[in-house]
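*Asks:* Per our numbering, the very first residue in the sequence shown carries number 612; after that it's consecutive.
Here it is, the structure in full.
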Amino acid sequence: MTKTSRPKVALAVLSLGLFMTLLDITIVNIAIPNLTESLGASLDQVLWVLNAYSLLYAVLLITSGRLGDVLGPRNVFAAGVALFTLASLGSGLAQTPGELILARAAQGLGAAILAPQGLPLMLELFPPDRRAGVFAIYGMLAGSAVVAGPTLGGLIVTHFGWRWIFFVNLPVGVLTLALALRFVPDLRSGRLHRFDIPGVLQATAGLLGVVFGLM
């Protein structure tokens with residue numbers, strides 16, 4: 612497919628996907644007391660509700676970025692959005708701490724799959740003289756998502772309950788998926804990319820050790 616005639620729309624779609632995943636890093640923090648009371652979760656279990664998402668997100672970014680090179684970043688982005696949305700539904704429906712931890716891990720996997728696909732697409736969609744501004748917008752949205760998480764989480768938990776911090780992702784995720792398939796072009800470099808299994812395993816193991824140690 613050729614480049615889209617509406618690169619700004621494609622940028623908005625990619626930014627929306629990234630915003631959604633980064634928002635979920637911090638939005639859950641405000642719901643910790645509610646999770647403890649509603650699910651009978653221990654402190655360690657609540658911490659894993661937070662850490663399962665962050666761990667999968669951080670560790671698999673390089674792997675999913677390479678997967679985008681092989682399968683096409685638009686396709687991998689769409690798959691990540693779909694998984695993230697389904698995992699958000701599972702998180703909202705969880706009845707035990709274990710179910711919520713597993714659903715949050717799946718959310719983190721979906722986030723890791725979609726997050727790195729925006730940059731290679733933007734390199735193709737925008738000429739060099741416009742990329743600095745585009746990356747600045749992308750970065751500002753990413754920062755604002757992390758900052759907005761606790762505030763938005765507090766409003767949702769107060770007025771609707773903790774499950775809605777996950778259910779709110781459902782319409783946003785469906786919209787993002789539909790817009791991605793419609794407006795984000797399936798751009799590829801034309802080069803044959805190989806998925807280096809030993810290299811992926813080494814990178815994943817190394818990142819796992821570093822991120823898990825920091826946590």
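Every residue gets a Cβ at the ideal spot worked out from N, C-alpha and C, and that includes glycine.
Just to confirm, are F630 and A723 a CB contact at a threshold of 7 Å?
*Replies:* No, the Cβ-Cβ distance between F630 and A723 is not below 7 Å.
*Asks:* Tell me whether G691 sits in a helix, a strand or coil according to DSSP, three-state version.
*Replies:* It is helical.
*Asks:* Are the beta-carbon atoms belonging to I673 and L763 less than 7 Å from one another?
*Replies:* Not closer than 7 Å, so no.
*Asks:* What span of residues does the alpha helix (DSSP H) with R566 cover, start to end?
*Replies:* The requested residue 566 is not part of the displayed model; the chain covers only 612 to 826.
*Asks:* I'd like to know if V758 contacts chain D, where contact means its C-beta is closer than 7 Å to some C-beta of that chain.
*Replies:* No chain D is present in this structure, which holds just one protein chain.
*Asks:* Once the 5 residues before and after L819 are set aside, which same chain residues still bring their CB inside 7 Å of it?
*Replies:* Hits under 7 Å: V670.
*Asks:* Please classify Q728 as buried or exposed, where buried requires at least 16 other C-beta atoms within 10 Å of its C-beta.
*Replies:* With 16 or more other Cβ atoms within 10 Å, it is buried.
*Asks:* Helix, strand or coil: how does DSSP classify I638 here?
*Replies:* The answer is coil: DSSP assigns I638 none of H, G, I, E or B.
*Asks:* Taking the straight line between their C-alpha atoms, what separation do you get for Y664 and R715?
*Replies:* The straight-line gap from Cα to Cα measures roughly 5 Å.
*Asks:* Would you grab the beta carbon distance between S626 and L752 for me? Rounded to a whole angstrom, and I think it's under 8 Å.
*Replies:* Rounded, the Cβ-Cβ distance is 5 Å, consistent with contact.
*Asks:* CB R679 to CB G721, shorter than 7 Å?
*Replies:* Before going further, note that residue 679 is Gly rather than Arg in the sequence given. No. Outside cutoff.
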